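Below: the structure, in structure tokens.
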Amino acid sequence: MSTKFHVVTIFPEMLETYLGFSILKRAIRNNIVSVEIHNLRDYSPNKHKTVDDSPFGGGAGMVMKPDPFFRIVEALWPEKEKRKIIMLSPRGRLFSQDSAMELSHEEKDIIFFCGRYEAIDQRVSDYLVDEEISIGDYILTGGELPALVIIDAVARLIPGVLGDFGSTEEESFSWGLLDYPHYTRPEHFQGMSVPGVLMSGNHREINRWRKKQAIKTTLEKRPELLERYVLTDKDRELLEEIKEDNNELDRGN
Ligand code: 4GX
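Residues in the sequence shown are numbered from 706 upward in steps of one, following our numbering.
The following block contains the structure:
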């Protein structure tokens, strides 16, 4: 089973460039994921290929017409049971690592409707769309970047997309913690040194240091993530150590 994404947009080139590089390029070439980009204009019924019109009721801006969306779905994904249509929109459910995980297990074709202008005719979301997703509480100029963000986050969770499976599992969010600090050569750089424990070759100590740093970083930068995280006895011990280290610093040691 390979995860199949489709993107419906009036600017196909915006996505083609990003998908043509690095890990996603390789995953697509190796048929681990597939991404098909469809130009909505090709499904406009009129000779000028228009996809937008002014809003009923008046007001500023343009609205994307319903017809091209209904036509492309009828032409390419006529069976409702085999498709999951996602519309990118600021009013959608907030995208998260959990959403990415769920989508990585989706068996149906995943279809993204990327809107431009102020809106898409409401009948599109009422009759075609299965889910509205937002990538964050800010307003973009179109749904193309959000579609890429979601494809990127989902694809890297699919087995075989990243070279070694370990590098997903070890990471911050699958741990529920932020990542620990990383270092590479040179050991001494412009007066800044790599923490000695990483040079020790003692892997028990290195793992303990990394876990402690992950907890410390999370506590400092995103304490609300630490609230949701289930601490083991070992984690609690590390957390106590962090607080003790901080107290000593406060006392000026
Ligand atoms: N996370 N935008 C979509 C046009 C639009 C408006 C209403 C459908 C309904 C966004 C976001 C986002 C701007 C993409 C408006 N399409 N999408 N576009 N934030 O801001 O996903």
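Here a beta-carbon is modelled for each residue, glycine too, at the ideal position from N, C-alpha and C. Only a predicted model underlies this, so the values are computations on that prediction, with no experimental measurement involved.
With respect to the beta strand (DSSP E) encompassing residue i, which residues constitute its N-terminal and C-terminal limits?
i	result
residue 755	Looking at the DSSP string, residue 755 is not in any beta strand (DSSP E), and its letter there is neither H nor E.
residue 712	708-714
residue 831	First-last for residue 831: 827-832, but that is the alpha helix (DSSP H), not the beta strand (DSSP E).
To the nearest angstrom, how far is the alpha carbon of residue i from that of residue j?
i	j	result
residue 838	residue 749	25 Å
residue 752	residue 776	15 Å
residue 905	residue 899	11 Å
residue 729	residue 852	14 Å
residue 811	residue 733	17 Å
residue 862	residue 709	14 Å
residue 768	residue 885	46 Å
residue 800	residue 950	36 Å
residue 840	residue 932	23 Å
residue 897	residue 914	19 Å
residue 935	residue 948	18 Å
residue 788	residue 720	21 Å
residue 674	residue 747	There is simply no residue 674 to check, as the chain begins at 706 and stops at 958 in what is shown.
residue 739	residue 842	29 Å
residue 797	residue 766	21 Å
residue 792	residue 834	6 Å
Where does the unbroken alpha helix (DSSP H) through residue i begin, and where does it stop?
i	result
residue 807	802-809
residue 836	Unbroken run through residue 836 is the beta strand (DSSP E), 836-839; no alpha helix (DSSP H).
residue 948	938-955
residue 932	928-933
Going by the CB atoms, is the gap between residue j and residue i shorter than 9 Å?
i	j	result
residue 849	residue 712	yes
residue 855	residue 817	yes
residue 844	residue 795	yes
residue 881	residue 930	yes
residue 1016	residue 790	This structure gives no information on residue 1016, because the portion of the chain shown stretches from 706 to 958.
residue 716	residue 820	no
residue 735	residue 714	no
residue 783	residue 829	no
residue 867	residue 923	no
residue 920	residue 903	no
residue 825	residue 761	no
residue 946	residue 917	yes
residue 822	residue 757	yes
residue 865	residue 737	yes
residue 813	residue 779	no
query = Curious, which full-length beta strand (DSSP E) runs of at least 3 residues does the stretch 717-791 contain?
reply = Taking 3 residues as the minimum length, the beta strand (DSSP E) runs contained wholly in the stretch 717-791 are 738-744, in order along the chain.
ask   = For the ligand 4GX, which residues have a Cβ under 5 Å from at least one heavy atom, in chain order?
value = 793, 794, 795, 820, 824, 825, 839, 840, 844, 845, 848 and 851
key: Continuous alpha helix (DSSP H) assignments of at least 4 residues falling wholly in the stretch 841-918   = 849-860, 871-874 and 877-880
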